[in-house]
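Residue numbers (this note's numbering): 6 to 326. Inspection log for the structure reproduced underneath, given as structure tokens.
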């Protein structure tokens, strides 16, 4: 099925970021003790030094993006322990604070992308994030997430992939002593209560004329929602609810027609880009065949005749009720 069999691998979603060799940093991080406040600089590993520099840079620094690229490259090639280690150095709180205080869109995207890689598939870091998102921080953080989907969608996808990976393994996590609690997870609650809204917004945040290398990830994030909705037998009701939202708000086709055009674009875009399709599979842990299958399914479901039939069936059911 659509559920990742392993934690979602740390690979680039679609955005282009420079690749940095991680062999040396990985060896040093695993062989050296975790640095502390009184730990001499010479004892810190390379990735820790890069991270310290990154967190010291001002939001408008031209070096910040390149330092972030190095940290992100390390995270993509890292393991569970390395994520936890970096989160504990202050990186997790730094990124959340950066999201709340960032004015520059490019810097906001950097913070969200790094945060997505840091938490991806890691219940322990999710538990840490839950603590950082307290009653004061959480509402502001979610406001930034929902108001800046082009910047935040890759983070949202990391949350979605992780939660789907966690769901059947909670008992195993508890047996290992992990303190992550899915029932009190704030990001899980957010997705549960906002799936329809998020999907609708992702379907319209870009148009075919606006698609480029930086924002095509929004389309892939929308498709990932659809893949998991179908695995839970909820895709039909989601599409019907979006259609009824259009009807009730006098915006017939506003969402569905735009997304149908994007799905058609996606099919053509990936038809001759095998490498990009492979990267999509690696970054999500979802076989590329399932991405193609959901695109084909949506192509049929979003046809005007199919939407009209779904609308009529919904209205008939409402009348009978």
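Beta carbons: idealized from backbone N, C-alpha and C, even for Gly. Predicted model only: the values in this text are computed from it and were never measured.
ask   = By Cβ distance, which residues of its chain are closer than 7 Å to residue 266, with the 5 residues on each side in sequence left out?
value = For the purposes of this step, residue 266 is taken as the residue at position 261 of the chain shown. Correct list, in chain order: 213.
query = How many Å lie between residue 68 and residue 113 at the Cα?
reply = Along the chain shown, read from residue 1 onward, the residue named residue 68 stands at position 63. Along the chain shown, read from residue 1 onward, the residue named residue 113 stands at position 108. Straight through space, the alpha carbons of residue 113 and residue 68 are spaced by roughly 15 Å.
ask   = Among residues of its own chain, excluding the 5 on either side of residue 157, which ones have a beta-carbon nearer than 6 Å to its beta-carbon?
value = Position 152 of the chain shown, counted from the start, is the residue given in the question as residue 157. The residues are 117, 150.
ask   = residue 60: which of 89, 95, 75, 88 sits nearest, CA to CA?
value = The residue labelled residue 60 in the question sits at position 55 within the chain shown. The alpha carbon of residue 60 has as its nearest neighbour, out of 89, 95, 75, 88, the alpha carbon of 95.
ask   = According to DSSP, is residue 311 helix, strand or coil?
value = The residue given as residue 311 occupies position 306 in the chain shown. In the three-state DSSP reduction, residue 311 falls in the helix class (H, G or I).
request  = Taking 8 Å as the cut-off, decide whether the C-beta atoms of residue 316 and residue 249 are in contact.
outcome  = Position 311 of the chain shown holds residue 316. Position 244 of the chain shown holds residue 249. Yes, the Cβ-Cβ distance between residue 316 and residue 249 is below 8 Å.
key: The alpha helix (DSSP H) enclosing residue 147, as first and last residue numbers   = Residue mapping note: residue 147 aligns to position 142 of the chain shown, counting from 1. Counted as a single uninterrupted DSSP element, the alpha helix (DSSP H) harbouring residue 147 occupies residues 142-152.
request  = Please state whether DSSP places residue 223 in a helix, a strand or coil.
outcome  = As a first step, residue 223 is located in the chain shown; it is residue number 218 there, counting from the start. DSSP places residue 223 in the helix class (H, G or I) of the three-state scheme.
message = Quick check: the segment 191-201 against the segment 238-247, are at least 3 beta-carbon pairs closer than 8 Å?
response = Yes, the segment 238-247 is in contact with the segment 191-201.
inquiry  = What ranges does the beta strand (DSSP E) occupy inside the segment 180-216, keeping only unbroken runs of at least 3 residues that lie completely in it?
reply    = Counting only runs that start and end inside the segment 180-216, there is no beta strand (DSSP E) element of at least 3 residues.
query = Alpha carbon to alpha carbon, how far is residue 50 from residue 131?
reply = If you number the chain shown from 1, residue 50 lands on position 45. If you number the chain shown from 1, residue 131 lands on position 126. Rounded to the nearest whole angstrom, the CA to CA distance from residue 50 to residue 131 is 24 Å.
Residue 254 versus residue 260: straight-line alpha-carbon distance, rounded = Residue 254 sits at position 249 when you count from the first residue of the chain shown. Residue 260 sits at position 255 when you count from the first residue of the chain shown. Looking at the backbone, the Cα of residue 254 and that of residue 260 are separated by about 11 Å.
task = On a CA-only basis, which of 243, 282, 294, 293 is nearest residue 307? Give me that one, please.
result = Taking the chain shown and counting its residues from 1, one reaches residue 307 at position 302. Per the Cα distances, 243.
Nearest candidate by alpha-carbon position, reference residue 87, set 74, 125, 107, 103 = Looking up residue 87 in the chain shown gives position 82. Minimum Cα distance to residue 87 is reached at 125.
ask   = Under a Cβ-count criterion, where at least 16 other Cβ atoms within 10 Å of its own Cβ denotes burial, should residue 224 be classed as buried or exposed?
value = Within the chain shown, the letter at position 219 stands for residue 224. Buried, because 16 or more other Cβ atoms sit within 10 Å of the Cβ of residue 224.
Residue 65 (DSSP reduced to helix, strand or coil) = As a first step, residue 65 must be located in the chain shown, where it is residue number 60. Here residue 65 sits in coil by DSSP.
request  = For residue 292, name the three-state secondary structure that DSSP assigns.
outcome  = Position 287 of the chain shown holds residue 292. Here residue 292 sits in coil by DSSP.
request  = Using three-state DSSP, classify residue 97 as helix, strand or coil.
outcome  = The count along the chain shown starts at 1 and reaches residue 97 at position 92. Residue 97 falls in the helix class under three-state DSSP.
query = Is it buried or exposed for residue 313, if we count other Cβ within 10 angstroms and need 16 for buried?
reply = Numbered from 1 along the chain shown, position 308 holds the residue referred to as residue 313. Label assigned to residue 313: exposed.
inquiry  = I need the DSSP call for residue 234, collapsed to helix, strand or coil.
reply    = Here residue 234 refers to the residue found at position 229 of the chain shown. It is helical.
inquiry  = Excluding the 5 residues flanking residue 183 on each side, which residues of the same chain have their C-beta closer than 8 Å to its C-beta?
reply    = The sequence position of residue 183 within the chain shown is 178, counting from 1. Closer than 8 Å at Cβ, skipping near neighbours: 128, 129, 132.
key: Reduced DSSP category for residue 106 - H, G, I as helix; E, B as strand; rest coil   = As a first step, residue 106 must be located in the chain shown, where it is residue number 101. Of the three classes helix, strand and coil, the one that applies to residue 106 here is helix, per DSSP.
message = Using only the alpha-carbon positions, how far apart do residue 319 and residue 85 sit?
response = Locating residue 319 in the chain shown gives position 314, counting from the first residue. Locating residue 85 in the chain shown gives position 80, counting from the first residue. Their Cα atoms are separated by approximately 45 Å.
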